[in-house]
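Student:
There are 4 protein chains.
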Amino acid sequence: MSSATYLVSAPDQPGLVARLSGFFYELGLNILDASNHTDVHAEGAPRFFMRLVVDLAGLAKPGAAEKLGGSADRKALEKAFNALGEALAASWSVGYSDVLPRVAMLVTKDPTCLYDLILRQRSGELQCEIPVIISNHSHLESVADSFRIPFVALPVTAETKAAQEKQILAELKRHHVDLVILARYMQVLTDEFLQQAPCVINIHHGFLPAFQGAKPYHQAHARGVKLIGATAHYATKDLDQGPIIEQDVARVTHGMGPEELVRVGRDVERVVLARAVRAHVERRVIVEGRRTMVL
Amino acid sequence: MSSATYLVSAPDQPGLVARLSGFFYELGLNILDASNHTDVHAEGAPRFFMRLVVDLAGLAKPGAAEKLGGSADRKALEKAFNALGEALAASWSVGYSDVLPRVAMLVTKDPTCLYDLILRQRSGELQCEIPVIISNHSHLESVADSFRIPFVALPVTAETKAAQEKQILAELKRHHVDLVILARYMQVLTDEFLQQAPCVINIHHGFLPAFQGAKPYHQAHARGVKLIGATAHYATKDLDQGPIIEQDVARVTHGMGPEELVRVGRDVERVVLARAVRAHVERRVIVEGRRTMVL
Amino acid sequence: MSSATYLVSAPDQPGLVARLSGFFYELGLNILDASNHTDVHAEGAPRFFMRLVVDLAGLAKPGAAEKLGGSADRKALEKAFNALGEALAASWSVGYSDVLPRVAMLVTKDPTCLYDLILRQRSGELQCEIPVIISNHSHLESVADSFRIPFVALPVTAETKAAQEKQILAELKRHHVDLVILARYMQVLTDEFLQQAPCVINIHHGFLPAFQGAKPYHQAHARGVKLIGATAHYATKDLDQGPIIEQDVARVTHGMGPEELVRVGRDVERVVLARAVRAHVERRVIVEGRRTMVL
Amino acid sequence: MSSATYLVSAPDQPGLVARLSGFFYELGLNILDASNHTDVHAEGAPRFFMRLVVDLAGLAKPGAAEKLGGSADRKALEKAFNALGEALAASWSVGYSDVLPRVAMLVTKDPTCLYDLILRQRSGELQCEIPVIISNHSHLESVADSFRIPFVALPVTAETKAAQEKQILAELKRHHVDLVILARYMQVLTDEFLQQAPCVINIHHGFLPAFQGAKPYHQAHARGVKLIGATAHYATKDLDQGPIIEQDVARVTHGMGPEELVRVGRDVERVVLARAVRAHVERRVIVEGRRTMVL
Chain F
1 MSSATYLVSA PDQPGLVARL SGFFYELGLN ILDASNHTDV HAEGAPRFFM RLVVDLAGLA
61 KPGAAEKLGG SADRKALEKA FNALGEALAA SWSVGYSDVL PRVAMLVTKD PTCLYDLILR
121 QRSGELQCEI PVIISNHSHL ESVADSFRIP FVALPVTAET KAAQEKQILA ELKRHHVDLV
181 ILARYMQVLT DEFLQQAPCV INIHHGFLPA FQGAKPYHQA HARGVKLIGA TAHYATKDLD
241 QGPIIEQDVA RVTHGMGPEE LVRVGRDVER VVLARAVRAH VERRVIVEGR RTMVL
Chain P
1 MSSATYLVSA PDQPGLVARL SGFFYELGLN ILDASNHTDV HAEGAPRFFM RLVVDLAGLA
61 KPGAAEKLGG SADRKALEKA FNALGEALAA SWSVGYSDVL PRVAMLVTKD PTCLYDLILR
121 QRSGELQCEI PVIISNHSHL ESVADSFRIP FVALPVTAET KAAQEKQILA ELKRHHVDLV
181 ILARYMQVLT DEFLQQAPCV INIHHGFLPA FQGAKPYHQA HARGVKLIGA TAHYATKDLD
241 QGPIIEQDVA RVTHGMGPEE LVRVGRDVER VVLARAVRAH VERRVIVEGR RTMVL
Chain E
1 MSSATYLVSA PDQPGLVARL SGFFYELGLN ILDASNHTDV HAEGAPRFFM RLVVDLAGLA
61 KPGAAEKLGG SADRKALEKA FNALGEALAA SWSVGYSDVL PRVAMLVTKD PTCLYDLILR
121 QRSGELQCEI PVIISNHSHL ESVADSFRIP FVALPVTAET KAAQEKQILA ELKRHHVDLV
181 ILARYMQVLT DEFLQQAPCV INIHHGFLPA FQGAKPYHQA HARGVKLIGA TAHYATKDLD
241 QGPIIEQDVA RVTHGMGPEE LVRVGRDVER VVLARAVRAH VERRVIVEGR RTMVL
Chain R
1 MSSATYLVSA PDQPGLVARL SGFFYELGLN ILDASNHTDV HAEGAPRFFM RLVVDLAGLA
61 KPGAAEKLGG SADRKALEKA FNALGEALAA SWSVGYSDVL PRVAMLVTKD PTCLYDLILR
121 QRSGELQCEI PVIISNHSHL ESVADSFRIP FVALPVTAET KAAQEKQILA ELKRHHVDLV
181 ILARYMQVLT DEFLQQAPCV INIHHGFLPA FQGAKPYHQA HARGVKLIGA TAHYATKDLD
241 QGPIIEQDVA RVTHGMGPEE LVRVGRDVER VVLARAVRAH VERRVIVEGR RTMVL
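Chains as they are written, first to last, in the working numbering: chain F, 1 to 295; chain P, 1 to 295; chain E, 1 to 295; chain R, 1 to 295.
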């Protein structure tokens, strides 16, 4: 049975929950899950966010077609909801449970995040398709093969970067990709790429205090940190500054050398990335400026 | 500005979010916060739970009185909401932000949980009043004094237990207590007491595997456990089996003796109890059979 | 460069650290890492535990051979250390960094723990060999193939159980297996098997409170637990009662159904099992009665 | 029964564990606890760290006096150990279990950390004395009174800062203070003060990413962080850059406003500070450059 998940963001005003849920009630569509949040600290004015999961079975009930102006299909429903959205000055989007998001993995040589995400998808934990794995190396081709996922090797040098990114974009388009995961892809992506690409999720290590420059794990060791963190975020122009989706840390001790800190850091990166991808494909994340709401 | 927090539990049916939020929308009352959950795994049939925080300022707006049948006060609002509740076969309750819950502490000799809860109340983190501290010892009277909270010492022996519990009940009544916290009160309460007392929250240590019998921390040490837990729950007839509100664990090592396990266990008990009390006084907890929903 | 890791357990007495470390000092062998613990709560009398990692490069230095009675090899060193061990009434064992433990995986259909452990081994995090994967199903053969690890399918029924366990033992012997991991092997092993098998590590789910009987995740859901745990332990006759190596928990909410609790539980089982296997292959675990010391 | 805890730091060389533990063995002093670590990543050359807890009862045994050159007291033992320390080019210090460290609290208006540390001391968890509480306000005098601890109010303005810090130093000296805790003391201390003061521990909030400038919790909210951290460290000239003793984080959500982030941050600061103070008074912390070893 199919469901639709709506994400709505609008200026706050009285009656928003009632009007949004009432829209579906009047059409005879059951709300399976709903959550909302009003950010009273938003810049300018309070802002309202809502996630609604609606059972589409009700579209087949008598009366729905009439109320939607003749045809009770998804297109008519979207049109009707859009009218409400405009009345509320809302931004909104919808996804359908039977149309899985198509997720491309960008990798280099490290297989850990790649295996982790594929296995979670295969076990049903991540409801998405993985139509293609793209890499600047051929190193992980056998992993892709073992799961029968198309693999595209696109080597890159400083000279060929612009051309290679165009090739990546072409592959993403060809495979109708909705979401790109940087699963330890060891290349910086250009602004041009990010502007043309679909949504991109990146995973980044993190430390308290923060360390600038090269070899952050060596710096963290030299400073004797007791925690190592990771942050999953949407990639924006300012690469590591995009809206944060998920964060976590792992405990380390004085007895661990830089290599061991790297290992622990990779482990926490893997878990944090998986949680962020899951929240995204379940349509739980609303971006508002530099923040996310995870509903 | 005052608000009302509603907790609602009802058999699931289409339109519940719309009807509950629509009730307040039509009265011109703004919903400040709302969350809901449908338990499809409930015994019998799916069950719906909702928490709504409503701004009562709208009661002063023209039109509210008319719609409520003459007077726009809390009593009229409760009456009107009750009619909706009956139509939905719902259980519901309401609390007001300007009527703080009155919380009694039952203690023996250990001051840690007592101090912790009082300090959280004084800092504004726990929105409640603490009208009385009751103990079977006089040990903690000076703590109560230093915060100017009435202290009642009611010593107890096996022979006087029934009488002492009656005295406790009388004190709870006299101080209009809504909630009792067993903040390391080292006496087992009888079924008779629990049936007549207001809501009671208890904190209980916990281990994996579970240990029966005396000296659980010594058993946990002998078994080499790596985690020690605590569970905060409502006290019911079957004392340690009531609905769980909050749980957490702390890590321990082979190097810790039984006394140190006790210390770590107390620390986690204190934190878990504080979180559970906070969830309760913020009216986030709905009990359904042996489970809680923390909305 | 090779190192030797000693695990020593002995009745406590003054001078143990000095005598054990002095043994290697006099031979010119550098101690790379040392940790010890005295359990004053042990039954009977206090007991001393020590882990020593020794650089074997010193065996090549002049003088070592002379002190060891002629030949400065591992055998002579073991013989000399054994004399000290006997003088201290100690139990001890030694492993060498260039002799990797040989670890067999027992699996059924769930690939998660299997992938996780193999990937950690391939990344160098788990210093061991995986000479064979044994299963009562052929389901995971392709996983074994993709990593070029021999796979043995040994189906089992109630009637063939004794025979099948003998076949498993034969495979373990044939592959010179030192450690068996029950990586979600969904069969109960008999006492006879456990008595003849090498060391076996099992992973077990855990709940607070504990649930007896079938469908523990459904029971945990019905009870509204807020945490789900996992315990990795050595398998002994009383299957789930062996010495605990590692434990952890994950947080769950009222919104998660039994299937989601299973998913979260599996995830924590996977992480806990990996940590336990790592501690074992790094020779950090000393078993003493029903407890472990993880040094 | 008294014990001595030694902290030793030395250039690494073979035989250090043997020589240090052998020193006490030859005197007939039992080692109650020992741990050591070799930092192979240290700048320059590998460095060795050891913590030894020694039972002083052995000083009364026949032979100890003779070996110590006549008198078997602490002074003679320190002199003998110092000879070994010089031979090893070691830095070392010793503390005695019957000579509790004297810890002064510096506070302003927030009582939470102060209560927390006093209660841990009173329960025996923190083995120290608290001879004085110093504040730039009189706000917390009643708290000090309720625990019968001397309270000194030393108000400060920009003009009187140098004079006030001198007064603080005089109080610290008068009370023979070994350790100063900045328990939410809301004044920046000058370099001059820190150079003359005994050891100072500070607690600092922390965020991923890091935020410069005013109102860090508001910045963290605007950025949508999912974790808030705290770092306890020794205060050095560069106030928030001293060697880290302990760190931890707490999880926050998009639903929490800046004030709630402050509350969660305070809670984690309190716990982290308590753990750091405990490690220090138990003599588990060795500072080496910008790092600490917590043995």
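For glycine and all other residues, C-beta sits at the position ideal for the given N, C-alpha and C.
So, is VAL40 of chain E buried or exposed, given that buried needs 16 or more other C-beta atoms within 10 angstroms?
Tutor: To locate residue 40 of chain E, count along the third sequence from 1; it is residue 40. Exposed is the call here.
Student: Helix, strand or coil: which one does DSSP assign to LEU106 of chain E?
Tutor: Within the third sequence, residue 106 of chain E is the residue found at index 106, counting from 1. Here LEU106 of chain E sits in strand by DSSP.
Student: How would you write the range of the beta strand (DSSP E) that GLN247 of chain E sits in, first residue to last?
Tutor: For the purposes of this step, residue 247 of chain E is taken as the residue at position 247 of the third sequence. First-last of the beta strand (DSSP E) with GLN247 of chain E: 244-251.
Student: Any beta carbon from chain E within less than 9 Å of LEU119 of chain F's own beta carbon?
Tutor: Taking the first sequence and counting its residues from 1, one reaches residue 119 of chain F at position 119. With 9 Å as the cut-off, LEU119 of chain F counts as an interface residue toward chain E.
Student: Does the separation of the CB atoms of GLY22 of chain R and ALA64 of chain R fall below 9 Å?
Tutor: Sequence index remark: in the fourth sequence, residue 22 of chain R carries index 22 (1-based). Sequence index remark: in the fourth sequence, residue 64 of chain R carries index 64 (1-based). Going by C-beta atoms, GLY22 of chain R is not nearer than 9 Å to ALA64 of chain R.
Student: So what does DSSP say about PRO111 of chain P, is it helix, strand or coil?
Tutor: By 1-based counting over the second sequence, the position of residue 111 of chain P is 111. Of the three classes helix, strand and coil, the one that applies to PRO111 of chain P here is coil, per DSSP.
Student: By the 10 Å Cβ neighbour count, where 16 or more other Cβ atoms means buried, how is VAL180 of chain F classified, buried or exposed?
Tutor: Here residue 180 of chain F corresponds to residue number 180 of the first sequence, with the count starting at 1. Counting Cβ neighbours within 10 Å, VAL180 of chain F comes out buried, since at least 16 surround it.
Student: From LYS237 of chain E to TYR96 of chain R, what does the alpha carbon distance come to, in whole angstroms?
Tutor: By 1-based counting over the third sequence, the position of residue 237 of chain E is 237. By 1-based counting over the fourth sequence, the position of residue 96 of chain R is 96. Between LYS237 of chain E and TYR96 of chain R, the C-alpha separation is close to 47 Å.
Student: How is VAL40 of chain R classed by DSSP in three states: helix, strand or coil?
Tutor: Residue numbering aside, residue 40 of chain R sits at position 40 when the fourth sequence is read from its first letter. Reduced to three states, the DSSP call for VAL40 of chain R is coil.
Student: What's the gap between the Cα of VAL252 of chain F and the Cα of LEU88 of chain F?
Tutor: In the first sequence, counting from the first residue as 1, residue 252 of chain F sits at position 252. In the first sequence, counting from the first residue as 1, residue 88 of chain F sits at position 88. In a straight line, the C-alpha of VAL252 of chain F is about 49 Å away from that of LEU88 of chain F.
Student: What are the residues in the segment 66-83 of chain P lying within 9 Å of chain E by C-beta distance?
Tutor: Those would be none; no residue qualifies.
Student: Does any C-beta atom of chain R lie closer than 9 Å to the C-beta of SER135 of chain P?
Tutor: Along the second sequence, read from residue 1 onward, the residue named residue 135 of chain P stands at position 135. False, the Cβ-Cβ gap to chain R never drops below 9 Å.
Student: Report the three-state DSSP secondary structure of SER21 of chain P (helix, strand or coil).
Tutor: In the second sequence, residue 21 of chain P corresponds to position 21, counting from 1. SER21 of chain P: helix per DSSP, three-state reduction.
Student: Based on DSSP bridge pairs, tell me the residues matched to GLY229 of chain E.
Tutor: Counted from its first residue, the third sequence places residue 229 of chain E at position 229. Partner(s): E:GLY206, E:VAL249.
Student: Counting along the chain, where does the alpha helix (DSSP H) carrying VAL281 of chain E start and finish?
Tutor: One-based indexing of the third sequence puts residue 281 of chain E at position 281. Residues 258-281.
Student: Taking the straight line between their C-alpha atoms, what separation do you get for ARG263 of chain F and THR38 of chain F?
Tutor: Numbered from its first residue, the first sequence carries residue 263 of chain F at position 263. Numbered from its first residue, the first sequence carries residue 38 of chain F at position 38. Near 39 Å, if we compare the C-alpha coordinates of THR38 of chain F and ARG263 of chain F.
Student: Report the residues of the segment 165-186 of chain R with a CB closer than 9 Å to any CB of chain P, ordered along the chain.
Tutor: Those would be none; no residue qualifies.
Student: How big is the Cα-Cα spacing for SER9 of chain R and HIS204 of chain E?
Tutor: Walking along the fourth sequence from the start, residue 9 of chain R turns up at place 9. Walking along the third sequence from the start, residue 204 of chain E turns up at place 204. If you take the alpha carbons of SER9 of chain R and HIS204 of chain E, they lie about 42 Å apart.
Student: Can you give the beta carbon distance from ARG290 of chain R to PRO243 of chain R, rounded, assuming they're within the 8 Å contact cut?
Tutor: Within the fourth sequence, residue 290 of chain R is the residue found at index 290, counting from 1. Within the fourth sequence, residue 243 of chain R is the residue found at index 243, counting from 1. Confirmed, about 6 Å.
Student: Considering only C-alpha positions, which residue in the set E:MET50, E:PRO62, E:PHE24, E:LEU32 is nearest to ASP292 of chain E?
Tutor: As a working note, residue 292 of chain E is residue 292 in the third sequence. Per the sequence shown, the amino acid found at residue 292 of chain E is Thr instead of Asp. Nearest option by C-alpha distance: E:MET50.
Student: Keeping to the same chain, check which residues put their C-beta closer than 8 Å to that of MET256 of chain F; ignore five residues upstream and five downstream.
Tutor: As a working note, residue 256 of chain F is residue 256 in the first sequence. Answer for MET256 of chain F: HIS221, VAL264, listed in chain order.
Student: Helix, strand or coil: how does DSSP classify GLU125 of chain F here?
Tutor: Counted from its first residue, the first sequence places residue 125 of chain F at position 125. GLU125 of chain F: coil per DSSP, three-state reduction.
Student: For ILE149 of chain P, which of helix, strand or coil comes out of DSSP?
Tutor: Numbered from its first residue, the second sequence carries residue 149 of chain P at position 149. Coil at ILE149 of chain P, not helix or strand.
Student: Can you find the residues in the same chain that come closer than 6 Å, C-beta to C-beta, to VAL294 of chain E, ignoring five residues on each side of it along the sequence?
Tutor: Within the third sequence, the letter at position 294 stands for residue 294 of chain E. Answer for VAL294 of chain E: ALA279, ARG284, VAL285, listed in chain order.
Student: Which residue marks the beginning of the alpha helix (DSSP H) containing ALA170 of chain P, and which one marks its end?
Tutor: Locating residue 170 of chain P in the second sequence gives position 170, counting from the first residue. Per DSSP, ALA170 of chain P belongs to the alpha helix (DSSP H) from 161-174.
Student: Of all the CB atoms in chain P, is at least one closer than 9 Å to the CB of ARG263 of chain R?
Tutor: Mapped onto the fourth sequence, residue 263 of chain R falls at position 263. Yes, its Cβ sits closer than 9 Å to a Cβ of chain P.
Student: With a cut-off of 9 Å, does the C-beta of THR112 of chain F fall near any C-beta of chain E?
Tutor: Here residue 112 of chain F corresponds to residue number 112 of the first sequence, with the count starting at 1. Yes - at least one Cβ of chain E is within 9 Å of the one on THR112 of chain F.
Student: Which of the three DSSP states, helix, strand or coil, is assigned to ARG290 of chain F?
Tutor: Along the first sequence, one-based indexing puts residue 290 of chain F at 290. Reduced to three states, the DSSP call for ARG290 of chain F is coil.
Student: For a test of the three-state rule: what should DSSP assign to ASP73 of chain R, helix, strand or coil?
Tutor: Walking along the fourth sequence from the start, residue 73 of chain R turns up at place 73. If DSSP states are grouped into helix, strand and coil, ASP73 of chain R belongs with coil.
Student: Mind listing the chain P neighbours of SER146 of chain R? Cutoff is C-beta to C-beta under 7 Å, in chain order.
Tutor: Translated into positions along the fourth sequence, residue 146 of chain R becomes position 146. Going along chain P in sequence order, the residues near SER146 of chain R (Cβ under 7 Å) are SER146.
Student: For ILE201 of chain R and VAL277 of chain R, what's the separation of their Cα atoms in angstroms?
Tutor: Start at 1 with the first residue of the fourth sequence, and residue 201 of chain R comes out as number 201. Start at 1 with the first residue of the fourth sequence, and residue 277 of chain R comes out as number 277. Rounded to the nearest angstrom, the two C-alpha atoms are 8 Å apart.
Student: Return the bridge partner residues of PRO131 of chain R from the DSSP annotation.
Tutor: For the purposes of this step, residue 131 of chain R is taken as residue 131 along the fourth sequence, with counting starting at 1. Paired residues: none, contrary to the question.
Student: Quick check: what's the CA-CA separation for PHE48 of chain R versus ASP73 of chain R?
Tutor: As a first step, residue 48 of chain R must be located in the fourth sequence, where it is residue number 48. As a first step, residue 73 of chain R must be located in the fourth sequence, where it is residue number 73. Going from the Cα of PHE48 of chain R to the Cα of ASP73 of chain R covers about 28 Å.
Student: Apart from the five residues just before and just after VAL268 of chain E, which ones in its own chain have a Cβ nearer than 6 Å to its Cβ?
Tutor: Translated into the one-based positions of the third sequence, residue 268 of chain E becomes position 268. ALA230, ASP248, ALA250, listed in sequence order.
Student: Measure the alpha-carbon distance for ALA90 of chain P versus TYR6 of chain P and round it to whole angstroms.
Tutor: The residue given as residue 90 of chain P occupies position 90 in the second sequence. The residue given as residue 6 of chain P occupies position 6 in the second sequence. Cα-Cα distance, rounded: 12 Å.
Student: Strictly below 7 Å CB to CB, what residues from chain P border TYR6 of chain F?
Tutor: The residue labelled residue 6 of chain F in the question sits at position 6 within the first sequence. Per Cβ cutoff of 7 Å: no residues; TYR6 of chain F is ~13 Å from chain P at best.
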